[in-house]
Amino acid sequence: MRQVAGSVNPLIIVGMRNPMTRAGLTRRDTVSNEFMDDPGCDPERLERTYQQFSTVNRLVSGWRRIYRQWIRPRLDTDRPTTLLDIGFGGGDISRALAGWAGRDGLVLRITAIDPDERALRHVRRHPAAGVRFEQASSADLVSRGDRYDLVISNHLLHHLDAAALAALLADSRALSRQLVVHNDLSRARAGYGLYAVATLPFARRSFIHQDGLLSIRRSYRPAELRAVVPQGWQVRPMFAQRVLLTHEGTSHEGEHR
């Protein structure tokens, strides 16, 4: 994750008036950093942000649809399927997947990792059956030889520079036996405007407004993502204004275009 410093910029809080919006939506914002990635950010606002992730993700992330289309068909009532969630944040995606699988009578064992100790402290207050949370990076798991049937992430790609993105994709393939699904935002004006208005009431009590708008400005459009991922990865637009980056099967050839 990137780090930031300084106080809240009022131009970012009032997202629709941010003078960078037009340029930032025409081109990816690869310079600005999210407030919650600053290790010195306000811990109370950070905790409220973690708590609000579940509501935001339930409304916009589309994981219920992804579960039905990509994950549930690979699960079994008897044989355990293992899943790795890279960068769990508030932990709500892992908890939701475990809950859906359980209600469907399917056996899913989830390992969720995040290198940020603050995220780990948060999720330890909200344990979930079938989910094991760990402070670690994908590189740590590759180093110790871990493998999982499925590997996922949510809202992670837009945080990464080119080198970190390449490393994540290589790690994802090394860790996955069957399928990788990276789910992220896709930059668009309509989504930006709706999010700015809907989350403005939360702007001074959490980072969900400012960082959410910045996440949209940093996110890839499908063509942009296709231009930077290695051969074998599939980029799929998903309603509403999202992008899925997927890889099926395993391979050990070099990561190249």
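Heads up: the sequence shown is residues -1 to 255, going by the numbering used here.
Beta carbons are placed, not taken as given, at the ideal position from N, Cα and C, and that holds for glycine.
- In the three-state DSSP reduction, residue 110 falls in the strand class (E or B).
- Straight-line measurement puts the Cα of residue 173 at about 23 Å from the Cα of residue 127.
- Annotation for residue 214: no beta strand (DSSP E) segment contains it, though the alpha helix (DSSP H) segment containing it runs 206 to 216.
- Per DSSP, reduced to three states, the secondary structure at residue 72 is helical.
- Residue 134 holds the alpha-carbon nearest to the alpha-carbon of residue 144 among 151, 134, 153.
- Taking C-alpha positions only, residue 147 is separated from residue 207 by approximately 35 Å.
- When the beta-carbon positions are compared, residue 179 and residue 171 stay at least 8 Å from each other.
- An exposed status is given to residue 115, since fewer than 16 other beta-carbon atoms sit within 10 Å of its beta-carbon.
- Its chain contains 73, 106 as the residues whose beta carbon lies nearer than 7 Å to that of residue 99, once the 5 sequence neighbours on both sides are disregarded; these appear in chain order.
- Here the alpha carbons of residue 239 and residue 189 stand approximately 7 Å from one another.
- For residue 55, the three-state secondary structure derived from DSSP is helix.
- Contiguous beta strand (DSSP E) elements confined to the stretch 161 to 201 occur at 174 to 183, taking only those with 3 or more residues.
- For residue 228, the three-state secondary structure derived from DSSP is coil.
- Each residue's CA atom was taken as its position, placing residue 25 and residue 46 some 30 Å apart.
- For residue 85, the closest alpha carbon among the candidates 193, 228, 158, 244 is that of 158.
- A residue is called buried once 16 or more other Cβ atoms fall within 10 Å of its Cβ, and residue 76, having fewer, is exposed.
- For the pair residue 151 and residue 181, the Cα-to-Cα distance works out to about 6 Å.
- Fewer than three pairs of CB atoms, one per stretch, sit closer than 8 Å, so the stretch 23 to 43 makes no contact with the stretch 162 to 170.
- Taking the Cβ atoms as the reference, residue 243 lies roughly 11 Å from residue 236, outside the contact range of under 8 Å.
- Under the three-state reduction of DSSP output, residue 101 falls in the helix class.
- Rounded to whole angstroms, the separation of the alpha carbons of residue 108 and residue 80 is 6 Å.
- As computed with DSSP, residue 151 is found in a beta bridge with 84, 180.
- Apart from the 5 residues on each side of it in sequence, residue 63 has no Cβ closer than 6 Å to any other Cβ in its chain.
- In this structure, 90 is the residue among 90, 113, 149 with its C-alpha nearest to the C-alpha of residue 125.
- Non-local beta-carbon contacts of residue 203 in its own chain, meaning distances under 8 Å to residues more than five positions away in sequence, involve 43, 46 in chain order.
- By the neighbour-count criterion, in which a residue is buried when 16 or more other Cβ atoms sit within 10 angstroms of its Cβ, residue 121 is buried.
- For the pair residue 142 and residue 82, the Cα-to-Cα distance works out to about 14 Å.
- The beta carbon of residue 39 is closer than 6 Å to those of 33 in its chain, skipping five residues each way along the sequence.
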